[in-house]
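Novice: Below you'll find the structure I mean.
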Amino acid sequence: MTLSVSLTVNGQAHSAEVEDRTLLVTLIRDGLGLTGTHVGCDTTQCGACTVHMDGCAVKSCTVLAAQADGAEIITIEGLSPPEGPLHPVQDAFARSHGLQCGFCTPGMVMASAALLKANPDPTEEQVKLGLEGNICRCTGYFNIIKAVMSCAAKTGAA
Amino acid sequence: MDQQTKSRAFTGRREDSRLVTGRGAYTSDQNLAGQVHAVFVRADRAHATIRSIDTEEAAAAPGVVGAFTHELLDELGFNQPQASGPMKNGEGEPLFAPARAWLAKDRVRYVGEAVVLVAAETPEQAADAAELVFIDYEDLPVVADVRQATAPDAVQIHEGAYAGNLAFRSEYGDRAAAEAVFASAPLTAKVTLNSQRLAANPMEPRACVAAYDAESGSYDLWSPNQGVVTMRGTIAARTGRPADKVRVHPRDVGGAFGVRGETYPEYIACLAAARALNRPVKWTGSRSETIITDYHGRGVLLTGELALNREGDFLAIRIEWLADMGAYLSGHGPQMRIGAPGGMAVNSYRTPVVHGVNKLCFTNATPTTVYRGAARPDASYLCESLVDHAARIHGFDPAQLRRRNMIPKEAFPYTTPTGSTYCSGDPEGLLDLVLANSDPAGFAARRRASEARGKLRGRGLAAFFEPAGFPMVEQTTIQFKADGVVLNSVSGPSGQGHETVLPEVVADQLGLDPADIAFKFGLPDTELKGGPTGGSRTLVAVGGSLRNAGEQVIEKGKALAADALGVPAEDIDFDEGLFRHRSGNASITLRELIKRHAGGEAHPLDSLGAYSPPQAAWPSGVHVAEVEIDVETGVLQVVSYLGADDFGYIYNPAIVEGQVQGGLMQAVGQVIGEEIVYDGGGQILTGSFMDYFMPKAEDTFPLQLLHHNTPSPTNPLGAKGVGEAGATGGVPTLANAVMDALSTVGIGHLDMPYTPNRLWNAIREAKAVRAPA
Amino acid sequence: MYAFTYRRPGSIEEASQLVTEAEDGKLLAGGMTLIPSLKQRLAQPSDLVDLGRIPGLAGVTEETAGLRVGAMTRHVEVATNPLVRQHISGLAELAGIIGDPQVRNRGTIGGSISNADPAADYPGGLVGLGAVVRTNRREIEAEDFFTGFFETALETGEIVLSVLFPKPLKSAYEKFRNPASGYAVVGSMVAVTDGGVRVGITGAAGFAFRWAEAEAALGAEFSPGALAELDYDDSELNDDMHASAAYRANLMRVMTQRAVARL
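Chains A, B and C, in that order, give the protein sequences.
Here the first sequence stands for residues 1 to 158, where the numbers follow our numbering.
Here the second sequence stands for residues 159 to 931, where the numbers follow our numbering.
Here the third sequence stands for residues 932 to 1194, where the numbers follow our numbering.
Shown next, in the form of structure tokens:
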């Protein structure tokens, strides 16, 4: 029970033979060797596996590779060019000390980037709600919220 | 103290460039050619004899290369007994350390205990085959908790343990003196508290990659760890291999918190399987496996009694700890449970008389070990709950009661009745800072305003003094290589920023740029000696060792400078990276000397440092928090939190703050929602994030962290470990705030976690009791 | 998870046929509840029939009778759709607090109601708003659709196509989340309609239901105070370590009061 999927990952087209039951995160990590996307739980709660699929933040541990056939995927590795510069969210996380062990960070950054894309000037409350799908055990979230808020566009409203 | 730290604007850590771009290298990111995948078959019941294990069908399943049991470990001699520590009680009775088969042999004693390792070409094939393993059990009565375990008719989980399923029992302090004080004390107070079992839950599920090299007969392991040297030692001991045939490789570690410093059965089993198959074996645990089989934290029943005179002076404290060790002893669990209670018995106070009893008890549950703060948050929780309770029932102001009993700053170094020497501190100074910044006078009005909105409001204060670090020789090297300065250490970081802070320590001392200094940790073949990363010891121990190495660099540099300048070495001073002839203008920079003598295998300035702190340093703090409880829903919200801490000397304020925030949020977790729950049959009811609460971004609150530092005379940096202060301060502070709120409706005692369900039900019960007939 | 055969039908007819003919077939919509249960090996379907490629199943359209939400419409779409926000604000609120943002990008209304988790939000919303479920075979009133613990009136091969929500005069949804899972301990959809007040409750019992006593009390006086003395026989309510039955009964009242207070 295998099938063929074709998808674009970080701008590059890929084809892969996968089992019907293969998860998107497994294809990304094992099939394509992009190990920046992490598996942190088994109940679709922790968000460490968050990638962008057709422009939306999704939990790749709960998407079949088959469902991603024809999709455009951005992983943490594709958020910014390998030689830099960092994406503003990545930069903000580093500057605000929004990461310690770094395991939740790729998913947290991808979720934050999606949040800011949909809502460039969020309130702190909106940031907290927007990160409900991501769990961190090291930072206590204080600096993560600071990092995301520091990216918020100042709309110039007096 | 020594040089001032350069004040550097924080622009990020060295680690971040790889971690924010997904280039971290965690254990499960590792793949070796020819590897197979392991899945464990685990005990599905808490206490049973194993009659037989049938792996025939599993072994024949598609893709399976082997199904291994204790038989393989026995064959390889991988079941060496776990070293029981040198602990003996006052009667000379040693710690009872039960034998343990790393894959269960005759008996299983906790749900999740590993029994069989199934290895296959793909993880799915291994998982499919694991379902074809049949284990024939004969159930035994389950001892689900410490109360059951210590009951007179309890089943003994281990033959040879002390009566009541005890692994150890010890006393400290002066029993007779305490009895005399309590007998005549005008005022007393007593609390019994449960510090509930927790799962550390690092975000990285536990995993390992094990390999065997037939040619050299050596084993390689990649796994989360808190220091490769320590783990190499325990693996060597448990497998009966010489340490130089075991290599543990460093990886990025996705959170450790104490529980990843253990050498787990899965690692031993995977190493054995790698040997049997002559292929690398990779195991990636699930979150459920991590919750259930990573050793648990906390898990202790605490009883405390305080004797006071009418003015509020503490006359004596009596303490009992009944600690839930789980089914087997972990590597670090016993020591923490035996050392901390006595070590922290008087906390921040001048209490003259102490008596305490420790009992370490087996249950049919996952073993317990150190977790963020180890036993110190339990010690501070007991003492500070007791002080608040005494204040409440005897009509003292909680801040004033603490103040009159705090150790005055002139009294440091202060040796407690149980022999702890607090190196330096100023508890009253911390209290002043907290009171000056938290508007205690306005609390009454804030409480009335909360009540008008249907919320109970509480204010909680807590003081703490905790030991950080311990005497142990820590070696490091400073090497001057072609592409920069390299520091070598055996530390095992998991997010604390070692790669950023330790170069700053050396840069400050030697007048170099931290960007030119690289910190390397955990080289598998290292001969450096050192301890694990934990117990908030790294800055002092590794920093101290680097300081020592740096001093040698300076001495060697003076000799080289003397040569270069043509003056005697003793006439040369070193400051801010410059060697200067004292009585002339001749000088040469360290950078220039490095360049001049570069080119060989080794550099003449290369140095080996060694340092053992003479004793623990003692960080301390006073924290305050205000909370609201919504009476309609039981929802608890932290409204504000202010922490004032004494960390001796702060190198990197951003990283220090991050450590406190993280520890504090783990305290929040314990206080508001986390708990490992077992049912009466020893089954875990909270085996996934669906049932095990984890704090999220919405659980943050207005937080202010202040510092009032008194340098520690115990180490050259004057520093005190910061890693666990958030937990040691957070648990009692928040618990006291909640109990203060609950006291307004007549609730005198309620155990954590303060979930909405628990709070609402307790408040309703209390109101029913108080309702007029 | 166990191995299965993945099917990608291009039409509802094909999907219905595939799932009927399979040894043990399951329909895949957003996958936010099905895939986790498969990962836990709680189910072992032989075939997974993916509805995700069938055109015409997603989107919100306005009809005379109300708003029609296609079965494959993602939660995020319902939460942000201008028609829903304007005409059935309670429904937008409900969709906006299902799970988390990533889950809302994938989860669908059809998948949610077909699964009928007693702690899911949509069932309470459908019952409270008096929605009608259209399948490939018939129309089913919400109150007849949810029949038990993870049980619906759907027959084998029957597939939800869309849900029609009549427009209330006003509506609001209040949810008390399980601190660990985020699912509804109790959710209350309050809708003021031409036919009177409706209160749909989820999370409290084996399946979503209308709270008749609350509707009557609110019909007499539409205020939070009208529910102050209302009790609910908690002997039928769910009881677990996260929420006792008594606590759930209390939350039924409190969540309904808070929804009313916002209207």
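Here a beta-carbon is modelled for each residue, glycine too, at the ideal position from N, C-alpha and C.
The structure presented is a predicted model; accordingly, all values stated were derived computationally and were not measured.
Quick one: using the 10 Å Cβ neighbour count with 16 as the cut-off for buried, is F1080/C buried or exposed?
Specialist: Per the 10 Å Cβ criterion, exposed.
Novice: Please identify, using Cβ separations under 8 Å, the residues of the region 1103 to 1115 of chain C that lie next to chain A, in order along the chain.
Specialist: Answer set for the region 1103 to 1115 of chain C: S1112, G1113.
Novice: Exposed or buried, which one is A157/A when buried takes at least 16 other CB atoms within 10 Å?
Specialist: For A157/A, the predicted structure reports a pLDDT of 37, less than 50, and the residue's modelled location is therefore unreliable. A value from the coordinates is still provided. A157/A should be labelled exposed.
Novice: So which residues of chain B does H97/A contact, with C-beta pairs closer than 8 Å?
Specialist: Those within 8 Å of H97/A in chain B are F168, G170, R171, A812, I813, E815, G816.
Novice: For T573/B, tell me which candidate among A626/B, V404/B, P535/B, S506/B has the shortest Cα-Cα distance.
Specialist: Here the closest residue by C-alpha is S506/B.
Novice: Of all the beta strand (DSSP E) runs that stay within the bounds of the region 334 to 370 of chain B, which reach a length of 3 or more residues?
Specialist: Here the runs fully enclosed are 345 to 353.
Novice: Among A66/A, L116/A, G55/A, which residue has its Cα nearest to the Cα of S15/A?
Specialist: Closest option to S15/A, Cα to Cα, is A66/A.
Novice: Could you check which residue in K925/B, P382/B, E469/B has the C-alpha nearest to that of T902/B?
Specialist: The candidate whose alpha carbon is nearest that of T902/B is K925/B.
Novice: Do V1121/C and F1107/C count as a contact pair if the criterion is CB distance below 7 Å?
Specialist: No. Outside cutoff.
Novice: Could you tell me the alpha carbon to alpha carbon distance between Q824/B and T886/B, rounded to whole angstroms?
Specialist: One C-alpha to the other measures close to 10 Å.
Novice: Run through the region 181 to 243 of chain B for me and flag every whole beta strand (DSSP E) of 3 or more residues, listed as ranges in chain order.
Specialist: Taking only runs of at least 3 residues, the beta strand (DSSP E) segments lying wholly in the region 181 to 243 of chain B are 194 to 200, 206 to 212, 222 to 226.
Novice: Can you check which of these residues, D978/C, V1094/C, I966/C, G961/C, is closest to A946/C by C-alpha distance?
Specialist: Looking at the Cα atoms, D978/C is the closest of the given residues.
Novice: Of the choices A1190/C, Q1033/C, G1038/C, I1071/C, whose alpha-carbon is the least far from that of L129/A?
Specialist: For the residues A1190/C, Q1033/C, G1038/C, I1071/C, the minimum Cα distance to L129/A belongs to Q1033/C.
Novice: For A158/A, would you say it is in contact with chain B, using Cβ-to-Cβ distances shorter than 7 Å as the test?
Specialist: In this prediction, A158/A has a pLDDT of 34, which is less than 50 and means its spatial position is unreliable; what the coordinates show is noted afterwards. Not one chain B Cβ lies under 7 Å of A158/A.
Novice: State the start and end residues of the unbroken beta strand (DSSP E) segment that holds F677/B.
Specialist: Note, F677/B: beta strand (DSSP E), 675 to 679.
Novice: In three-state terms, what does DSSP make of H407/B?
Specialist: Note: H407/B maps to strand in three-state DSSP.
Novice: According to the Cβ coordinates, are Y769/B and N706/B closer than 7 Å?
Specialist: Yes, the Cβ-Cβ distance between Y769/B and N706/B is below 7 Å.
Novice: Which value, in whole angstroms, describes the spacing of the CA atoms of A920/B and V789/B?
Specialist: The alpha-carbon atoms of A920/B and V789/B are separated by roughly 10 Å.
Novice: Rounded to whole angstroms, what's the CA-CA distance from Q162/B to D666/B? Just pull it up for me.
Specialist: Residue placement at Q162/B cannot be trusted, given a pLDDT of 46 that sits under 50; the coordinates are not used to answer.
Novice: So is A603/B buried or exposed if we call it buried at 16+ other beta carbons inside 10 Å?
Specialist: The residue is exposed, with fewer than 16 neighbouring Cβ atoms inside 10 Å.
Novice: Taking DSSP's pairing of strands, which residues face A802/B in a bridge?
Specialist: Answer by DSSP bridge pairing, in chain order: V780/B, L864/B.
Novice: Could you tell me if T1199/C is buried or exposed, where buried requires 16 or more neighbouring beta carbons within 10 angstroms of its beta carbon?
Specialist: What the structure shows of chain C is the stretch from 932 to 1194, and residue 1199/C is not part of that stretch, so it cannot be assessed.
Novice: Check R267/B in the structure and name its three-state DSSP category.
Specialist: Reduced to three states, the DSSP call for R267/B is coil.
Novice: Which two residues bound the contiguous beta strand (DSSP E) that contains G130/A?
Specialist: Run containing G130/A: none in the beta strand (DSSP E); it sits in the alpha helix (DSSP H), 124 to 130.
Novice: Distance, Cα to Cα, L863/B vs A802/B?
Specialist: Rounded to the nearest angstrom, the two C-alpha atoms are 6 Å apart.
Novice: Cα separation between G1137/C and G11/A?
Specialist: Approximately 47 Å between the Cα atoms of the pair.
Novice: How many angstroms separate the CA atom of G514/B from the CA atom of R333/B?
Specialist: Near 8 Å, if we compare the C-alpha coordinates of R333/B and G514/B.
Novice: What distance in whole Å lies between the Cβ atoms of G821/B and P883/B, which are believed to be in contact at a cut-off of 8 Å?
Specialist: Note that residue 883/B is Ala in the sequence shown, not Pro. Indeed they touch by this definition, with Cβ atoms about 6 Å apart.
Novice: Which value, in whole angstroms, describes the spacing of the CA atoms of N467/B and A474/B?
Specialist: Taking the straight line from one Cα to the other gives about 10 Å.
Novice: Kindly indicate the opening and closing residues of the alpha helix (DSSP H) around W918/B.
Specialist: Per DSSP, W918/B belongs to the alpha helix (DSSP H) from 914 to 928.
Novice: For I145/A, which residues in the same chain have their Cβ closer than 7 Å to its Cβ, ignoring the five residues on either side in sequence?
Specialist: Cβ within range, chain order: E124, V127, K128.
Novice: In chain order, what residues of the same chain lie with their CB nearer than 8 Å to the CB of V162/A, ignoring the 5 residues before and after it?
Specialist: Shown here, chain A extends from 1 to 158; a query on residue 162/A therefore has no answer.
Novice: Shorter than 7 Å from the beta carbon of W918/B to some beta carbon of chain C?
Specialist: Yes, contact with chain C.
Novice: Below 9 Å on C-beta distance, what does S977/C contact in chain B?
Specialist: What S977/C touches in chain B: nothing, since even the nearest Cβ is about 15 Å away.
Novice: Distance cutoff 7 Å, beta carbons only. Does T936/C sit that close to anything in chain A?
Specialist: Closer than 7 Å: yes.
Novice: For the beta strand (DSSP E) holding D981/C, just list the boundary residues, first then last.
Specialist: From DSSP, the beta strand (DSSP E) with D981/C extends over 978 to 981.
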